[in-house]
Amino acid sequence: MKLPFDHFDLIAGWYDRLLHSAADDGLRDALAAQPGGWLLDVGGGTGALSAPLAAAGVRVAVCDLSRGMARQAHAKGLRALLGSVARLPFADGSVERLLVVDAFHHFTRPSPTVQVQAAFELLRVLQPGGRLVIQEMDIRRPGVKALALGEKLLLMGSRFLTPAQLVTLFEAAGARMLAQQPSGSAVIFVFTR
Ligand SMILES: C[S@@+](CC[C@H](N)C(=O)[O-])C[C@H]1O[C@@H](n2cnc3c(N)ncnc32)[C@H](O)[C@@H]1O
């Protein structure tokens, strides 16, 4: 169903105060982003997670489908690109670090096949030997199942994959998994190519 509004545009102004949580050590270690190196935060929203990395000298760009969320990232001084993960404006093999946090299950517009496109597109722009770090809520957990039901009732179009389904999808797109580790109710995946 196509809705006449974007949920994230509606909540962009208060997203940081109410919903976002900071990058923990596990995520930072998984990324191993270096000052001066480039990081693209895809579905990066307000840039809440990548702004501290930018403050530490990492060159950050945020790409997001929501104009409201991208505007918030821009207001933090981050390079903010309005666009879809399905078509990233970067050359093949050009990005050292890619970050996707709490966003993969939202990559469903205009259709759920965007998740497949996303896997290929993220790997297309990833530098050989670079890192793609994905953090997703673990749908096998009861609390996350409840969250998924809430998002369904809100008509958000979310589509959660199990960790095994996500790994299968990325490996089919040509990724090599370096690590997979739990992080609270989520799982952190580290891929390279
Ligand atoms: C729950 S927010 C997560 C934001 C940020 N990663 C964080 O953890 O604070 C999910 C984000 O994914 C974005 N999004 C949804 N579909 C997208 C797509 N096809 N391409 C890029 N971003 C998308 C939404 O606009 C939203 O900002």
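Using my numbering, you'd call the opening residue of the sequence shown number 1078 and step up by one each time. Every residue, glycine too, gets a C-beta built ideally from N, C-alpha and C. All values reported here derive from a predicted model rather than from experimental measurement.
(1) Using a 10 Å radius around the Cβ and a threshold of 16 neighbouring Cβ atoms, would you call residue 1123 buried or exposed?
(2) Beta-carbon within less than 7 Å of residue 1205's beta-carbon, same chain only, minus the 5 sequence neighbours each way: which residues are those?
(3) Just curious, the alpha helix (DSSP H) that residue 1192 is in, first and last residue?
(4) By how many angstroms is the C-alpha of residue 1147 removed from the C-alpha of residue 1258?
(5) Using three-state DSSP, classify residue 1269 as helix, strand or coil.
(6) Exposed or buried, residue 1198, counting other C-beta atoms within 10 Å across all chains shown (16 or more means buried)?
(7) Is the separation between the beta-carbon of residue 1268 and that of residue 1182 shorter than 9 Å?
(8) What do you get for residue 1082, buried or exposed, if any count of 16 or more other CB atoms within 10 angstroms of its CB means buried?
(9) Find the nearest neighbour of residue 1116 within the set 1213, 1177, 1226 and 1222, judged by alpha-carbon distance.
(10) Could you tell me which of 1253, 1202, 1229 and 1243 sits nearest to residue 1164, measuring between CA atoms?
(11) At a cut-off of 8 Å, would you count residue 1151 as near ligand 1, judging by its Cβ distance to the nearest heavy atom?
(12) Say the cut is 8 Å; is the CB of residue 1121 nearer than that to a heavy atom of ligand 1?
(13) Give the secondary structure of residue 1086 by DSSP, where H, G and I count as helix, E and B as strand, and everything else as coil.
In short, the structure shows the following:
(1) If you number the sequence shown from 1, residue 1123 lands on position 46. It is buried - the Cβ of residue 1123 has at least 16 other Cβ atoms within 10 Å.
(2) Position 128 of the sequence shown, counted from the first residue, corresponds to residue 1205. Cβ within range, chain order: 1170 and 1270.
(3) Reading the sequence shown from its first residue, position 115 is the one you call residue 1192. Start and end: 1191 to 1202.
(4) Locating residue 1258 in the sequence shown gives position 181, counting from the first residue. Locating residue 1147 in the sequence shown gives position 70, counting from the first residue. When rounded, the distance between both Cα atoms is 29 Å.
(5) In the sequence shown, the residue the question calls residue 1269 occupies position 192. Residue 1269: strand per DSSP, three-state reduction.
(6) The sequence position of residue 1198 within the sequence shown is 121, counting from 1. Flag for residue 1198 reads buried.
(7) Within the sequence shown, numbered from 1, the residue matching residue 1268 stands at position 191. Within the sequence shown, numbered from 1, the residue matching residue 1182 stands at position 105. Not closer than 9 Å, so no.
(8) Looking up residue 1082 in the sequence shown gives position 5. Exposed, because fewer than 16 other Cβ atoms sit within 10 Å of the Cβ of residue 1082.
(9) Translated into the one-based positions of the sequence shown, residue 1116 becomes position 39. Of 1213, 1177, 1226 and 1222, the residue nearest in Cα terms is 1177.
(10) Walking along the sequence shown from the start, residue 1164 turns up at place 87. Minimum Cα distance to residue 1164 is reached at 1202.
(11) What you label residue 1151 is simply residue 74 of the sequence shown in a count that begins at 1. Residue 1151: no, Cβ never under 8 Å from ligand 1.
(12) As a first step, residue 1121 must be located in the sequence shown, where it is residue number 44. Correct: residue 1121 has its Cβ closer than 8 Å to ligand 1.
(13) Start at 1 with the first residue of the sequence shown, and residue 1086 comes out as number 9. Helix, per DSSP.
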